[in-house]
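First comes the structure, then the notes that go with it.
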Amino acid sequence: MVFSGHHQSQPATGSEATQVTVHGYCELDAAALLNLAHQGDFERLRNLRGEYTLVLEDQGLCTIITSPVGAMHYFYTQAGNGRSGFVHGRRIVDILSRAGLNWTWNWQALGDLCQLENLTDNGTLHPDIHRVPPGTVLQVAHGELKRDTRSAIESLGSESPDPVGAIRALNTEVARLAGEQPYLSLSGGFDSRVILSSMLKQGIKPHLITMGTDECSDVNVARSIARRFGLQHDLVRIELDDFLTHAPEISNLTNGTKTAWHWHTYLYPLKAKIPSTSSFFVGTLGEFARSYYFDRGQLGRLGDRFPGVALNRFWGLKLHRHPTFLPDEFSGLSPQFAAQLEEPGIASRVSRLRHYCHDSFLPGLTRYYFEQRVPNFYANGIAMYQASSQWRSPFHNREWLQAIWNLPAGWKLGSNWHRFAIEKNQPDLLDFSEENGFQPQRMLRRAPPLYWTPLMRRTPYISYDRSSGWYRESALQESLTSRLDLLGDLVDPATVNGIINQHRAGSDRTRSLAFLLTMAHWKQVLANRPKA
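The sequence shown maps to residues 26 to 557 in the working numbering.
What follows is the structure in structure tokens.
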């Protein structure tokens, strides 16, 4: 059984009443959760099947427990008004109001968001508000806070490589989560096709949805697959009006930390009108089985031999490759913000990122993805899915994670485990082209030896992303310029207007405008928040 919901009340042992709130989903119902809490079995509570945050409360005691992946955001502060100063919740604006805090920027976190599109560690955009880490039991009693955090990666045991065992774990989890009429977000990529292969092998026929337009590569692949296997398929079109209408809600939901470039994650399941009784499968965390950050074949293996040099080079190049603001625009930013983007700020960020990789290259980048990218960036995506659907991902399963973590790099480079799983589960799914693939109308069973080099020709890919054109539309530009006064502590109006004019003239400043629009709507949410 999978239990999900908000809160249930149940008598505790003795005469006190205790309540549990479940954010996300887990395998136990409220009574079973409370029973484990009464027994003090917090180790079991933080290792349940599912993706969740549990909040257990009674008079004078609050216990917050997060799952090992930690993708259900929950926050707290100890700087609030009142005797203990402890305030907790899912929305930063609510915590600010209840704690009586004023807004102030966490400049390091803002620099991370600007350069990485995700925060790192347990920070938020406010220096006194913190995210509860993954795998944590946090307790507050009579003003005293105790926190015990366990690393999921470090708890994954060593075992012999078992790619078939990873498939078994995936298939078991898909069957457990499917329910009566599951929906699946299907693209031309690997993660969703692996899930579909598992469903088809087990006789599960999902309702498919794909975001985009008739010309998109994802849409054409998904339509072809739907026809072949007799599956219902819906095309979900996202328009600029959808984007503008829901901007305030998205900003509040993601606490200002999901840039507007990615707001479609909220919009397409909402427009798909997925029934509340259906599971909605997405491919979140499937990249754990791929070399997400550096899929470059033998170059990655070379980096493993010289991890310090490779990490410095990788992160330095990444932070310089797609700047949100150009050096001649730094003078138009607040000094604290500009300092994060100038060379000393970048050097400091590279040092932190290397630390998050634990001084190893390919395994370290995978660990960064799992411990930093997923509970920050992808957790926001999950919050957006959950706003309108019963989202599920089989890749959060612990047995699957352990099997994948123990696979050699050769299974992850070139998405080779994904190819293997698709072939074993439903080989006919290889008869459809892959995203940026090597042969038309076909997914290869294994990546070619030089797949990562420019020598390999790729099939054309037409994206669903229309944001570059949208940011040339007057309606979207007006959504930004009408809020320039709210951005005064970050950037001056002349700099913003200069970026708008450059984009209008043909330069691609989508990344810059998406970041600025995100901050403008976040400041609007802050301005509209209820006062304590």
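Where is the CB? At the ideal position from N, CA and C, for every residue including glycine.
Close beta carbons around residue i, own chain, < 7 Å, minus the five adjacent residues each side
| i | result |
| --- | --- |
| E354 | T520 |
| G85 | A166, H167 |
| Y77 | V47, H48, G49, Y50, C51, S92, M97 |
| A363 | F355 |
| S301 | Q415 |
| T38 | Note that T38 has pLDDT 30, beneath the 50 cutoff, so the model's placement of it is unreliable and the number below is only indicative. Around T38: H63. |
Exposure of residue i, with buried meaning 16 or more beta-carbon neighbours within 10 Å
| i | result |
| --- | --- |
| Q397 | buried |
| N401 | buried |
| V550 | buried |
| S414 | buried |
| H347 | exposed |
| M481 | exposed |
| K437 | buried |
| S304 | buried |
| T543 | buried |
| F111 | buried |
| D243 | buried |
| L150 | buried |
| Q323 | exposed |
Alpha helix (DSSP H) segment containing residue i, residue limits
| i | result |
| --- | --- |
| R346 | 332-346 |
| C241 | It is not in any alpha helix (DSSP H) - C241 carries neither H nor E in the DSSP assignment. |
| G406 | 404-411 |
| F305 | Element bounds for F305: not the alpha helix (DSSP H) but the beta strand (DSSP E), 304-306. |
| L538 | 535-553 |
Cβ-based neighbour list, residue i, same chain, cut-off 6 Å, excluding 5 preceding and 5 following
| i | result |
| --- | --- |
| W495 | L265, L501 |
| K548 | L511 |
| R534 | I524, Q527, H528 |
| Y393 | Y381, C382 |
For residue j and residue i, the rounded distance between their alpha carbons
| i | j | result |
| --- | --- | --- |
| Q164 | P152 | 21 Å |
| E459 | R377 | 35 Å |
| H271 | P473 | 43 Å |
| R563 | L387 | Summary: the structure shown does not reach residue 563, with the chain confined to residues 26 through 557, and so no result is reported for it. |
| F350 | S537 | 6 Å |
| L260 | S249 | 13 Å |
| F463 | D456 | 13 Å |
| Q466 | L278 | 39 Å |
| E219 | L256 | Note that residue 219 is Val in the sequence shown, not Glu. One C-alpha to the other measures close to 16 Å. |
| F100 | L121 | 11 Å |
| S210 | D267 | 19 Å |
| I117 | H258 | 37 Å |
| L181 | L426 | 8 Å |
| R175 | L81 | 19 Å |
| Y293 | Y403 | 16 Å |
Boundaries of the beta strand (DSSP E) in which residue i is found, first to last residue
| i | result |
| --- | --- |
| C382 | Per DSSP, C382 belongs to no beta strand (DSSP E) and is neither H nor E. |
| W416 | 415-417 |
| V47 | 42-51 |
| G75 | 75-83 |
| G114 | 112-114 |
| A166 | 161-166 |
| V118 | Here V118 belongs to no beta strand (DSSP E); instead the alpha helix (DSSP H) covers 117-124. |
Nonlocal neighbours in the same chain, by C-beta distance under 8 Å from residue i, ignoring five residues either side
| i | result |
| --- | --- |
| L541 | L505, L512, V516, V521, I524 |
| W132 | Q361, F362, A364, Q365 |
| E240 | I487 |
CB contact below 8 Å: residue i versus chain D
| i | result |
| --- | --- |
| R392 | No chain D is present in this structure, which holds just one protein chain. |
**Asked** For the stretch 202-220 against the stretch 301-309, are there 3 or more C-beta pairs whose distance is under 8 Å?
**Response** yes
**Asked** Between the stretch 415-431 and the stretch 443-463, are three or more C-beta pairs nearer than 8 Å?
**Response** no
**Request:** State whether the stretch 359-373 contacts the stretch 129-143, with contact taken as three or more CB pairs (one from each stretch) at a distance under 8 Å.
**Result:** yes
**Request:** Please determine if the stretch 219-228 and the stretch 192-201 are in contact, where contact requires at least 3 C-beta pairs separated by less than 8 Å.
**Result:** yes
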